[in-house]
Amino acid sequence: MASLRCHFYLITYMESLDPRVNRLNLSTTELTSKAPLDQLGTYEVFSQLKEDKPYFHVGPVHAPNCEMAFLFAKEQFSRRQTCTGLFVVETRNIKVSVFTEGEDTVYNYISNPGELANGNTESFELFHLKKRGKQHEYIGTIEASSAEVALSMVKSEFINDKPVYNIWIIKTSDIESSQDEDKIIWDTLPDKKFRDAIAYKAADKIKEFKERQ
Amino acid sequence: MYGGGNTFEHIKSNGLENEDPEKLAQFEARIERGEKIEPNDWMPQLYRKQLIRMIEQHAHSEIIGALPEGTWITRAPGFKRKLALMAKVQDEVGHAQLLYSAAETLGKSREQMIDDLINGKSKYSNIFNYPAFTWADSCFISWLVDAGAIVNQLANARGSYGPYCRALDRICAEESFHLKYGHHCVIHMATGTEKQREMMQAAINRWWPPMMHFFGPSDKISVHSEILMRWKVKMGSNDDMRNQFLDMYVPKIWELGFTIPDENLRKNEVTGRWEYTEPDWEEFKRVINGDGPCNKERLAVRRTAEERGRWVREALLAPKTEYVAPLA
Numbered sequence: 001m002a003s004l005r006c007h008f009y010l011i012t013y014m015e016s017l018d019p020r021v022n023r024l025n026l027s028t029t030e031l032t033s034k035a036p037l038d039q040l041g042t043y044e045v046f047s048q049l050k051e052d053k054p055y056f057h058v059g060p061v062h063a064p065n066c067e068m069a070f071l072f073a074k075e076q077f078s079r080r081q082t083c084t085g086l087f088v089v090e091t092r093n094i095k096v097s098v099f100t101e102g103e104d105t106v107y108n109y110i111s112n113p114g115e116l117a118n119g120n121t122e123s124f125e126l127f128h129l130k131k132r133g134k135q136h137e138y139i140g141t142i143e144a145s146s147a148e149v150a151l152s153m154v155k156s157e158f159i160n161d162k163p164v165y166n167i168w169i170i171k172t173s174d175i176e177s178s179q180d181e182d183k184i185i186w187d188t189l190p191d192k193k194f195r196d197a198i199a200y201k202a203a204d205k206i207k208e209f210k211e212r213q
Numbered sequence: 214m215y216g217g218g219n220t221f222e223h224i225k226s227n228g229l230e231n232e233d234p235e236k237l238a239q240f241e242a243r244i245e246r247g248e249k250i251e252p253n254d255w256m257p258q259l260y261r262k263q264l265i266r267m268i269e270q271h272a273h274s275e276i277i278g279a280l281p282e283g284t285w286i287t288r289a290p291g292f293k294r295k296l297a298l299m300a301k302v303q304d305e306v307g308h309a310q311l312l313y314s315a316a317e318t319l320g321k322s323r324e325q326m327i328d329d330l331i332n333g334k335s336k337y338s339n340i341f342n343y344p345a346f347t348w349a350d351s352c353f354i355s356w357l358v359d360a361g362a363i364v365n366q367l368a369n370a371r372g373s374y375g376p377y378c379r380a381l382d383r384i385c386a387e388e389s390f391h392l393k394y395g396h397h398c399v400i401h402m403a404t405g406t407e408k409q410r411e412m413m414q415a416a417i418n419r420w421w422p423p424m425m426h427f428f429g430p431s432d433k434i435s436v437h438s439e440i441l442m443r444w445k446v447k448m449g450s451n452d453d454m455r456n457q458f459l460d461m462y463v464p465k466i467w468e469l470g471f472t473i474p475d476e477n478l479r480k481n482e483v484t485g486r487w488e489y490t491e492p493d494w495e496e497f498k499r500v501i502n503g504d505g506p507c508n509k510e511r512l513a514v515r516r517t518a519e520e521r522g523r524w525v526r527e528a529l530l531a532p533k534t535e536y537v538a539p540l541a
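Listed in order, the protein sequences are those of chains A and B. Using our numbering, the first residue of the first sequence is number 1, and each one after it goes up by one. Using our numbering, the first residue of the second sequence is number 214, and each one after it goes up by one.
In structure tokens form, the structure reads like this:
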């Protein structure tokens, strides 16, 4: 049986249809590597979809510093949906607990505090993974002398609750977060209707076309 | 937007004999229960390797796929179409970012993936090695190539690897606008002047064979592909995906009064499957191996972007931060 022959059959190279590309006068012959390595740092991004909703982990970005990580995160994760808050933190600054499953909660593996009375405290942000396959959710902020002490302080609160499969704990000072006055960066989101499927209705045109046939 | 028909690596041995049988059993039981696999979970080497390959190809396809349409932004007819096409192309590049991140959690660095794209080692969807001659070609891509991609992506979103599924959920939500926008463009061409209808029909004639290639050759049932299906890396055969696409979109093309350049194309009402002339797989192989009309241009554009951006990356290099694999 004859096969479906492609219109472009045996065209193995053609001049670009994009005049900008032809002006670049690209070398199309050699395939080279881009070394040396220049990979930027990794940051995790958390966002809040509505004022009264918790922050959730949404994914990573790569950037040379916190400020640029925030800008990339804004484009990558809040370009297409409503957003009321966003923050980034360097991935290596997130303390990750053990993982558990089934009915086993991570708090079974948190030891009780040795000493709570310690003069110097700082604040920590706490995140729970409540369901496998989902992302970490913001639970609260705790003042403590260390991340370990912070976890032991909240242990009693969550030990009889639904199981928590993993905890992330982050020093508040490691976070780059949007402030109230930054919220205007999301003000124009609802105006961009051209990014919504609903802006492209054409059923009437099809109907009219069929009637003409 | 993404071309399916992944070229999975065919290896003689599955390497499973070197895996811990107890851990392997737990891993398979987890997938069987419908749970996701997460980056910190134990997984067989074969699973990791094939997922990296698949997600990486997907990411490259988003980057390269933005090129044929991106070319049309400056010439899109009217302000509204320019605005929409710009937003769509921006989305596609954003999808690549999400996908590279998902692949990174499996242990391959973003740098290495981009390097493998520009040195020709990694593949991307073959359909983007063809040229978009007219605005109608751009309309075909926006509607039907995206439609094909969505068929694949919705299937893969039910797969077993957590970070990939989460990236796909986000991507599919964004793609719904692409599909509607593309259909809108084609409807306007179809209901426009005689010249516009001719342009659209010519684009359909040009793009139909690559569109049939898009889902990949029939996959032979092998032990290898059986394992990938069991592990929910591969969610359906290439023929199933192609059939689903034909089922959903051929009637919509016909509805607009266009023809499809394959006289054997029809739905067999007994089997419920579409019958068609077998696509030219020699052509497919030749193009995927580098000899298509635009392969060289696509990679050259990507490489030039990389070279021209080098001074920016060098200026930004910050020894205070550190590249590590993302957490989830």
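Using N, Cα and C, we set each Cβ at its ideal position, and we do this for glycine too. If you're wondering where the values come from, they're calculated on a predicted model, not measured in any experiment.
So, using beta-carbon positions, are Thr-100/A and Lys-183/A closer together than 8 Å? In the first sequence, counting from the first residue as 1, residue 100/A sits at position 100. In the first sequence, counting from the first residue as 1, residue 183/A sits at position 183. Not a contact, by the Cβ cut-off of 8 Å.
Just reading off the alpha helix (DSSP H) that Asn-451/B is part of, what are its end residues? In the second sequence, residue 451/B corresponds to position 238, counting from 1. Residues 451-468.
Check each residue of the stretch 334-350 of chain B: if its Cβ is closer than 8 Å to any Cβ of chain A, include it; give the result in chain order. Tyr-343, Pro-344, Ala-345 and Phe-346
Assuming Ile-331/B and Glu-519/B make a contact with CB atoms under 8 Å, what is their CB distance in whole Å? As a working note, residue 331/B is residue 118 in the second sequence. As a working note, residue 519/B is residue 306 in the second sequence. The Cβ separation is near 6 Å, so the contact holds.
Name the DSSP beta bridge partners of Ile-250/B, please? The residue you call residue 250/B lines up with position 37 of the second sequence. DSSP output for Ile-250/B lists Tyr-374/B as bridge partner(s).
Interface flag, Ala-541/B vs chain A, CB-CB below 8 Å: Stepping through the second sequence from its first residue, residue 541/B is reached at position 328. Yes, Ala-541/B counts as interfacial toward chain A.
In whole angstroms, what separates the C-alpha of Ala-345/B from that of Glu-181/A? Along the second sequence, read from residue 1 onward, the residue named residue 345/B stands at position 132. Along the first sequence, read from residue 1 onward, the residue named residue 181/A stands at position 181. Whole-angstrom Cα-Cα distance: 45 Å.
Skipping 5 residues on each side, what residues in its chain have a beta carbon closer than 6 Å to that of Ser-177/A? In the first sequence, the residue the question calls residue 177/A occupies position 177. The answer, listed in chain order, is Phe-87.
Ignoring anything shorter than 4 residues, give me the alpha helix (DSSP H) runs that lie fully in the stretch 49-101 of chain A, in order along the chain. 66-78
Is Gln-310/B close to chain A? Criterion is C-beta to C-beta, closer than 8 Å. Working through the second sequence from its first residue, we reach residue 310/B at position 97. So yes, Gln-310/B belongs to the interface.
Per DSSP, Thr-472/B is paired with what? Residue mapping note: residue 472/B aligns to position 259 of the second sequence, counting from 1. DSSP lists no partner for Thr-472/B.
Measure the beta-carbon distance from Phe-56/A to Phe-72/A and round it to whole angstroms, keeping in mind my assumption that it falls under 8 Å. Here residue 56/A corresponds to residue number 56 of the first sequence, with the count starting at 1. Here residue 72/A corresponds to residue number 72 of the first sequence, with the count starting at 1. About 18 Å separates the two Cβ atoms, so there is no contact after all.
Cβ neighbours of Ile-170/A in the same chain (closer than 6 Å, five flanking residues each side left out): Here residue 170/A corresponds to residue number 170 of the first sequence, with the count starting at 1. Here the set comprises Val-89, Ile-94 and Glu-125.
State yes or no: is the beta carbon of Lys-295/B nearer than 8 Å to at least one beta carbon in chain D? You won't find chain D in this structure, because its protein chains are A and B.
Is the stretch 490-503 of chain B in contact with the stretch 419-430 of chain B, if contact means three or more CB pairs nearer than 8 Å? yes
Extent of the continuous alpha helix (DSSP H) run through Trp-420/B: As a first step, residue 420/B is located in the second sequence; it is residue number 207 there, counting from the start. That run of the alpha helix (DSSP H) goes 407-426.
Any C-beta of chain B under 8 Å from that of Pro-217/A: There is no way to answer for residue 217/A, as the model of chain A reaches only from 1 to 213.
Which residues in the same chain as Ile-417/B place their Cβ atom closer than 6 Å to its Cβ, once the five residues preceding and following it in sequence are excluded? The residue given as residue 417/B occupies position 204 in the second sequence. Counting only Cβ-Cβ distances below 6 Å, and skipping sequence neighbours, we find Phe-471.
Unbroken stretches of the beta strand (DSSP E), 3 residues or longer, contained in the stretch 111-142 of chain A: 122-129
Between the alpha carbons of Ala-63/A and Ala-316/B, how many angstroms are there, rounded? Mapped onto the first sequence, residue 63/A falls at position 63. Mapped onto the second sequence, residue 316/B falls at position 103. Rounded to whole angstroms, Ala-63/A to Ala-316/B spans 18 Å at the Cα level.
Are the stretch 505-517 of chain B and the stretch 326-343 of chain B touching by the rule of at least three beta carbon pairs closer than 8 Å? yes
For Arg-479/B and Val-463/B, the rounded distance between their alpha carbons: Here residue 463/B refers to the residue found at position 250 when the second sequence is read from its first residue. Here residue 479/B refers to the residue found at position 266 when the second sequence is read from its first residue. Whole-angstrom Cα-Cα distance: 9 Å.
Check distances from the C-beta atoms of the stretch 517-531 of chain B to those of chain A and list, in chain order, the residues that come in under 8 Å. Thr-517, Glu-519, Glu-520, Arg-523, Arg-526, Glu-527, Leu-529, Leu-530 and Ala-531
Can Ile-276/B and Ala-309/B be called in contact, C-beta distance under 8 Å? Along the second sequence, read from residue 1 onward, the residue named residue 276/B stands at position 63. Along the second sequence, read from residue 1 onward, the residue named residue 309/B stands at position 96. The answer is yes: Cβ separation under 8 Å.
In chain order, what residues of the same chain have a beta carbon less than 7 Å from the beta carbon of Lys-74/A, not counting five sequence neighbours either side? Stepping through the first sequence from its first residue, residue 74/A is reached at position 74. Excluding sequence neighbours, Lys-74/A sits near Leu-86 and Ile-185.
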